[in-house]
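The sequence shown begins at 15 in the working numbering and counts up by one. Don't be surprised by glycine CBs; every beta carbon is placed ideally from N, CA and C. Encoded as structure tokens, the structure appears first; notes follow it.
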Amino acid sequence: MKVLVTGGAGFIGSHTLDALRARGDTTALLDDFNDFYDPAVKHRNAAATGAQIFAADLRDRPAVRAALQAFQPDAILHLAARAGIRASLENPRLYVEANITGTLNLLEEAVALGVTRLVFASSSSVYGNNPKVPFAETDALESIISPYAVTKLAGENLCRIYAGLHGLSLTALRFFTVYGPRQRPDLAISKFVKAIATGRPIDLYGDGSTSRDYTYVTDTAAGVLAALDRLTPGYRVYNLGGDHPVTLATLVETIERVLGKRAVINRLPAQPGDVERTWADLTRARADLAYAPAVPLEEGIRRYCEWSQPLS
Ligand SMILES: NC(=O)c1ccc[n+]([C@@H]2O[C@H](COP(=O)([O-])OP(=O)(O)OC[C@H]3O[C@@H](n4cnc5c(N)ncnc54)[C@H](O)[C@@H]3O)[C@@H](O)[C@H]2O)c1
């Protein structure tokens, strides 16, 4: 299969490309290599995937068209997005343009070229402060609290509408706090490991009781491929979580245990945009995608630390 991965120079995209290459698919990536974090990291990620590279911004529709026409994909994994929740509060317009207009451009050009198979990366943040746990795909989405979440919910709805109008086979996947080697430097685990390893204080927002359903990145990538392989006409949505939500306090203890060092904690007030908890109901993903997250948190943190250190 010829698979185009948008956002393929990023964290989850580059792991997904690794998984596609390992099974022999022909791959390309489309990415704008923006400076949300060091573009040199993205260029290194992209080069290591062995995929054909299209440096293009999804907001630039002719550039999207040119990439699609040049590569002629059988399927598109749309993982590109501005992905920082807190940054979306500061610059919501950029998030709307990259994530909503960008998704619309991609859908329109896919339809124009006759590409009918797509997977869309959504997020647990569409559940917001959902009062019920675990979060199920059938829950009402009435509690979102960040512009980022707005863009992901809009992206899902554009996908659903385009699937219906144009007979696409399209699956949206709600990722839950993905972590692992190459992860974005703005994520808590990146910051905590770096600070604890070097004896610097960590900024801990809130009282440590917020919880997250952390998902190791190879589990997420396996879920993406499972969704790709099972595409059939119509629109579907699945949670891809880790199945073991833990509190922020437990996350810090786990990192301390793996590194064999104590954290110096700098307590700060809870941040706007941060939800109380996430927890994926995986019933649907297990049944339809045979999704089975395999890497427990402590093992995943160990692998991340091995990748990100020389410990000092
Ligand atoms: N990491 C997580 O915990 C998590 C959780 C839920 C959802 N997601 C979603 O998964 C996807 C991948 O996230 P990630 O953590 O790998 O982030 P990432 O920032 O490492 O990867 C996103 C990539 O998209 C590219 N990109 C952004 N805007 C673009 C544009 N306008 N045109 C072309 N390329 C553009 C970036 O340069 C980057 O390489 C995103 O859609 C994100 O919203 C991630």
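Exercise. By Cβ distance below 6 Å, which residues in the same chain neighbour A379 in space, the five residues on each side in sequence not counted?
Worked result: Here the chain comprises residues numbered 15 to 326, so residue 379 is not present and cannot be evaluated.
For this session: Compare the Cα-Cα distances from T224 to each of N119, G213, E290 and G248 and report the closest residue.
Result: Taking the sequence shown and counting its residues from 1, one reaches residue 224 at position 210. Out of N119, G213, E290 and G248, E290 has the C-alpha closest to the C-alpha of T224.
Problem set entry | Reduced DSSP secondary structure (H/G/I, E/B, other) of Q66 | Here residue 66 is taken as the residue at index 52 of the sequence shown, counted from 1. Reduced to three states, the DSSP call for Q66 is strand.
For this session: Could you tell me which of R198, G142 and E312 sits nearest to A95, measuring between CA atoms?
Result: The residue given as residue 95 occupies position 81 in the sequence shown. Considering only R198, G142 and E312, the residue with the shortest C-alpha distance to A95 is R198.
Exercise. Taking 7 Å as the line, does the beta carbon of T212 fall inside it for any heavy atom of ligand 1?
Worked result: By one-based count along the sequence shown, residue 212 stands at place 198. T212 Cβ: outside cutoff for every heavy atom of ligand 1.
Exercise. Where do the ends of the alpha helix (DSSP H) carrying V272 lie?
Worked result: Within the sequence shown, the letter at position 258 stands for residue 272. Counting along the chain, V272 sits inside the alpha helix (DSSP H) bounded by residues L262 to L273.
Exercise. Among residues of its own chain, excluding the 5 on either side of L325, which ones have a beta-carbon nearer than 8 Å to its beta-carbon?
Worked result: Counting from 1 along the sequence shown, the entry for residue 325 is found at position 311. With a pLDDT of 40 at L325, under the threshold of 50, the modelled position of this residue cannot be trusted, and the question is left open.
Problem set entry | Near ligand 1: D233 beta-carbon under 7 Å from a heavy atom | As a first step, residue 233 must be located in the sequence shown, where it is residue number 219. Flag unset: Cβ of D233 not near ligand 1.
Problem set entry | Alpha-carbon to alpha-carbon, G213 and S137 | By 1-based counting over the sequence shown, the position of residue 137 is 123. By 1-based counting over the sequence shown, the position of residue 213 is 199. Each residue's alpha carbon lies about 33 Å from the other.
Problem set entry | Neighbour-count burial assignment, G64, 16 or more Cβ in a 10 Å radius | Here the question's residue 64 lines up with position 50 in the sequence shown. Per the 10 Å Cβ criterion, exposed.
Problem set entry | Burial state of T229, where buried means 16 or more other Cβ atoms lie within 10 Å | Residue mapping note: residue 229 aligns to position 215 of the sequence shown, counting from 1. When all chains shown are included, T229 counts as buried.
For this session: Could you give the DSSP three-state label for R281: helix, strand or coil?
Result: For the purposes of this step, residue 281 is taken as residue 267 along the sequence shown, with counting starting at 1. The DSSP-derived three-state label of R281 is strand.
Exercise. Which term fits R58, buried or exposed, when burial requires 16 or more other beta carbons within 10 angstroms of its beta carbon?
Worked result: Taking the first residue of the sequence shown as position 1, residue 58 is located at position 44. With fewer than 16 other Cβ atoms within 10 Å, it is exposed.
For this session: Could you check if I315 is buried or exposed, using at least 16 other CB atoms within 10 Å of its CB as the buried criterion?
Result: Counting from one through the sequence shown, the residue named residue 315 turns up at place 301. Label assigned to I315: buried.
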